[in-house]
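Protein chains in written order, with our numbering: chain A, 1347 to 2013; chain B, 570 to 751. By construction, the Cβ of each residue, glycine as well, lies at the ideal position given by its N, Cα and C atoms. What follows is a single structure, written as structure tokens, with notes after it.
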Amino acid sequence: MRYAETGFNLEVDLTRGNIERVETDPRDTELYLGGLGTNAKILWDRVPPEVEPFSPDNLLIFSAGLLCGTPATGCNRTIVSTISPQTLLMAFSMMGGFWAPELKYAGYDRVILRGKSPGLVYLWINNDKVEIRDASHLRGKGTVETAELIRQELKEPNAQVAAIGLAGENRVYFASIEQGRSSASRAGIGAVMGDKGVKAIAVRGTKDINLARPAEFMALCNEVLKYIKFRNENPIPGVMPILAGLGSPQEMKVHDEKWHTENFMWGNSRVRRKDFWNDEVAKQWAQTLDSMRTRLISCFNCPMTCGATISPPGLPTYMMKCFSKLTYTMAAFSDLEFGLGIAQSATEHGVDAFSAPQVMAFALELYENGILTDDDFPGMPSDNEGRFYWLLDRIVRREGIGDVLANGTYWAAKQIGKGAEAYAHNNIKKHEQLPLKLSMLNPIYFLMYATGEKMNITQIEGQFPQAPFPTREEREAFVKDWFQVPDEKFKQYFLDWEPRGEKSMPYYPTVEMCCDIVDWQEKMHYIDDALGMCSGLSSFPLKPPYHIHNYPKFISSGTGIDMDEAKLTQAAKRYRTLVRAVNIRRGMRRKDDKPPENHWKKRFPELEKELLDTYYKFKGWNNQGIPTKESLHELGLDYVFEDFEKRGIYSDNEGTPSSETLAEEKI
Amino acid sequence: MGEKKKKIVKTIKVDVDKCNGCRACEVACSAFHAAPKHSSNNPARSRIRVIREPLKDIYVPVYAGEYTPAECAGRDKYTIDGKEYEECAFCRASCPSRDIFKEPDSGLPLKCDMCESDPTLEKPSCVQWCLVDALTYEEREEEVEEGQEQEELETGLESLVDKYGMEKIMDTVARMSASKKD
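Written out as structure tokens, the structure reads:
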């Protein structure tokens, strides 16, 4: 018997309409765990670098994490992986909600889609019965709307549905996959789903998920619940409220948005409004949120209530979480009422709430600067809010200028030319980043931004405080019950870290310390992504209930696989390296490992070079960021080395130029 | 009339306004009742189910009660605070009109037993796992008439007699008591 996992994949060939249930090799679980780890292995094995994002040979994998469907609190993430049309690299966007556990209860660990369906279809997985069904009547429907229609049509109110909207159908490069209160948004995976002709995947499962050593596993769960209660009652002092507790940043709860609105950038990630927040704004925004927010809600088996049901006046209800609350508001220089209203349309159309507002603000900036003209915007309203609604509509339909903007700021700027590239200024690896511009280089964040292949800083950072605490007393108090550290040395790094003086940024933490810190942060995210754990209870917040010391116990008692800290660390390193290998094989090199030029005002080129050089070495990568023969061998990834050799990847020191052709044009 | 007797009534208080819809209660319940205990979980076997309609803001944790062989003749709707609920949203019965509160493979009815076990739990599993306090546990003391049980027994037996006939019931009781003696 397989424990925690089901041991079966669902292989769906959309071209031929063939569906197979395939037993997986338990040895792969030991090596790659599940979720992201297994996805990386499958993409390495089955999607060679010649395969373009919109090729039928690209795979779209929906993987439940290894511990999804067990009683482990907050373990509910679906990890969706494919080759991104935007970055042309491996995308691994994720969603919480209820889909992954339902898939496990239906008897599968993951669904692997290949080929392309001749017509628009949806997949209906009902335990052992799996069907490809016609979805032509759902064409153009919103994501939330589609989920409801499918549940009604199947007469199955308990089915969990992941769906794309117009944006996905029209292969918008920042199209999302939406699922009730959650979405997998980054890097355009919704476009790949649309390209494959799949409108939705509905799942219903009524089978058991087994545990290898139940008593031990349940004791660990109870400890986690107890610690969550403790952390809820004891927020971390000295940090801003959204970082003091557990869960995703509690954007649906807080009214005080002084910090975000005055520190994050408005418009096309350009304008800082230092005196924006005042009593009147506070009052108005509080009123807006209170009047539209009907309930705080959670993902499967989690007490954190990070999401909310939002009912804007005159519009259908939808669900929201986290920072999408402010991205539209701030991109349009508007207010919360506008932001919560347009997010309703954006959720139904299925677009990423970081990229979409930034793309629209980018378009308006080009217009203001004469690079785009009235001819590009026929019939666009004159007010800012109206313009955003108009642009969103053009983008998701790929009409007129919308067809260009639908490719994201990087590709749109290239197509538009006339100096538009300078306005696509907030990208890493062709992908829009958080609207943040800061003054002085932070060496820890430099490394995370540069090398984090997860593409979004909120899914890379965590655990270690973002800034030093002012006094030694406060720092001592903080480290007192900081048992989550993998090694005592991290406490010392933090104790000695001062806001100014000799031991302050950018030269402290030292380069070596930065490597340790970033590696720890990254490791915890990668473990979460294989297990299906929400980073809100693990890798993101300070002092989380899940950490490197209890994770091995969860895995051993859950799956029956012998696991300890060293073995888990090694496994995480193995599939993290495999993610890099997939990307290296697609042309990613050192030149791509860089934050936006203007992310910090004060830069330190020599220090940055030293940081990158040292971190590459620390990770077992050569000077181009390519994993070395020795490090691959140590991880049991000799097959990667052989492939690299065969392709001449090592001999090419300058790095092959990464692909610069639009995914659209390649097919 | 019989003597007054004290009785502990185990009560789970359900605050639907506090429910976050996470279904941890279903996970905890089905794990607790797995054999061996906690060896598996499956919300479809849970004796508590959250009736959820997120877009209508309907969240009702409801417990499995008695089995009923027939469905209700009519089905009413209730409007509470402007939200329209199916009557079934509050009904505890394992009944033919819906698939909840039945074992998914055998179809046998499920019933909440307040996690009675040895050693006794401090509070039922679902309550322990509900950190948002939509479910809380309370023990109330009630005074009941001794005679009441007798009355209940007679009512129950009468309905069985109506259904199967006196003779069949007598035979069954006789056979049951004979087999007990063995």
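Exercise. How would you call L1389(A), buried or exposed, if buried means at least 16 neighbouring beta carbons within 10 angstroms?
Worked result: buried
Problem set entry | Three-state secondary structure (DSSP) of E1366(A) | strand
Exercise. In this structure, does DSSP put A1350(A) in helix, strand or coil?
Worked result: coil
Problem set entry | Close-in-space but distant-in-sequence residues of the same chain around I2013(A) (CB under 7 Å, 5 per side omitted) | A caution first: I2013(A) carries a pLDDT of 48, below 50, which makes its placement in the model too unreliable to give a value.
Exercise. Does any CB atom of chain B fall closer than 8 Å to the CB of R1993(A)?
Worked result: no
Problem set entry | Distance, D1474(A) Cα to R1641(A) Cα | Straight-line Cα distance between these residues: approximately 35 Å.
Exercise. According to the neighbour-count rule (16 or more other Cβ atoms, all chains shown, within 10 Å of its Cβ), is A633(B) buried or exposed?
Worked result: Flag for A633(B) reads buried.
Exercise. To which residues does DSSP link I1803(A) through a beta bridge?
Worked result: DSSP lists no partner for I1803(A).
Problem set entry | Cβ shell of E528(B) (< 7 Å), same chain only, five flanking positions each side left out | Because chain B is modelled from 570 through 751, residue 528(B) falls outside the range shown and cannot be assessed.
For this session: Pick out the complete beta strand (DSSP E) segments inside the segment 1524-1554 of chain A, 3 residues or longer, and give them in chain order.
Result: 1528-1530, 1544-1550
For this session: Compile a chain-ordered list of the residues in the segment 1632-1646 of chain A whose CB is closer than 8 Å to at least one CB of chain B.
Result: Per Cβ criterion, the list reads T1640, R1641, L1642, I1643, S1644, C1645, F1646.
Exercise. Is the Cβ-Cβ distance between M1870(A) and S1884(A) less than 8 Å?
Worked result: yes
Problem set entry | Pick from V1507(A), T1384(A), K1487(A), E1499(A) that is closest to G1443(A), judged by C-alpha positions | V1507(A)
For this session: Evaluate contact between the segment 1601-1616 of chain A and the segment 1674-1690 of chain A, counting only Cβ atoms and requiring at least three cross-stretch pairs below 8 Å.
Result: yes
Exercise. Would you call the CB atoms of L1435(A) and N1753(A) closer than 8 Å?
Worked result: no
For this session: Check each residue of the segment 583-598 of chain B: if its Cβ is closer than 9 Å to any Cβ of chain A, include it; give the result in chain order.
Result: D586, C588, N589, G590, C591, R592, A593, E595, V596, A597
Exercise. Using 8 Å as the limit for Cβ to Cβ distance, is I2013(A) near chain B?
Worked result: In this prediction, I2013(A) has a pLDDT of 48, which is less than 50 and means its spatial position is unreliable; nothing more can be read from the coordinates.
Problem set entry | Beta-carbon spacing of N1730(A), S1657(A) below 8 Å | No, the pair does not count as a contact, with Cβ atoms beyond the cut-off.
Exercise. The beta strand (DSSP E) with W1946(A) in it runs from where to where?
Worked result: 1946-1948
Problem set entry | Same chain only: Cβ atoms within 8 Å of G1486(A), ignoring 5 sequence neighbours per side | L1512, E1515
For this session: Could you tell me whether the Cβ atoms of C681(B) and I617(B) are closer together than 8 Å?
Result: Cβ atoms of C681(B) and I617(B): closer than 8 Å.
Exercise. Taking just the CA atoms, how far does R1935(A) sit from T1370(A)?
Worked result: 33 Å
For this session: Verify the CB distance criterion: does T1552(A) have a CB-CB separation below 8 Å to chain B?
Result: At a cut-off of 8 Å between beta-carbon atoms, T1552(A) makes contact with chain B.
For this session: Report yes or no: is there a C-beta of chain A within less than 8 Å of the C-beta of P688(B)?
Result: no
Exercise. Which partner residues does K1475(A) have in the DSSP bridge list?
Worked result: According to DSSP, which records beta bridges pairwise, K1475(A) is partnered with N1472(A).
Problem set entry | Neighbouring residues, chain B, relative to N1556(A) (Cβ below 7 Å) | S608, S609, listed in chain order.
Exercise. Does the distance from the CB of D1455(A) to the CB of F1354(A) come in under 8 Å?
Worked result: Against a cut-off of 8 Å, the Cβ pair of F1354(A) and D1455(A) comes out as a contact.
For this session: Just the C-alpha distance for K732(B) and R744(B), rounded to the nearest angstrom, thanks.
Result: 19 Å
Exercise. Where does Y1519(A) sit, in a helix, a strand or coil, going by DSSP?
Worked result: coil
Problem set entry | CB contact below 8 Å: K1869(A) versus chain B | no
Exercise. Under the three-state reduction of DSSP, which class applies to Q1812(A): helix, strand or coil?
Worked result: coil
Exercise. Does P623(B) get closer than 8 Å to chain A when you measure Cβ to Cβ?
Worked result: yes
Problem set entry | Y647(B) versus E622(B), F659(B), T637(B), residue with shortest Cα-Cα distance | F659(B)
Exercise. Is there a Cβ from chain B that is less than 8 Å from the Cβ of T1663(A)?
Worked result: yes
For this session: Would you tell me roughly how many angstroms separate the C-alpha atoms of E1465(A) and I1574(A), rounded to the nearest one?
Result: It should be noted that the sequence gives Gly, not Glu, for residue 1465(A). About 47 Å.
For this session: Give the single residue among V1600(A), I1582(A), S1482(A) whose Cα lies nearest to the Cα of K1826(A).
Result: Nearest C-alpha to K1826(A) among V1600(A), I1582(A), S1482(A): I1582(A).
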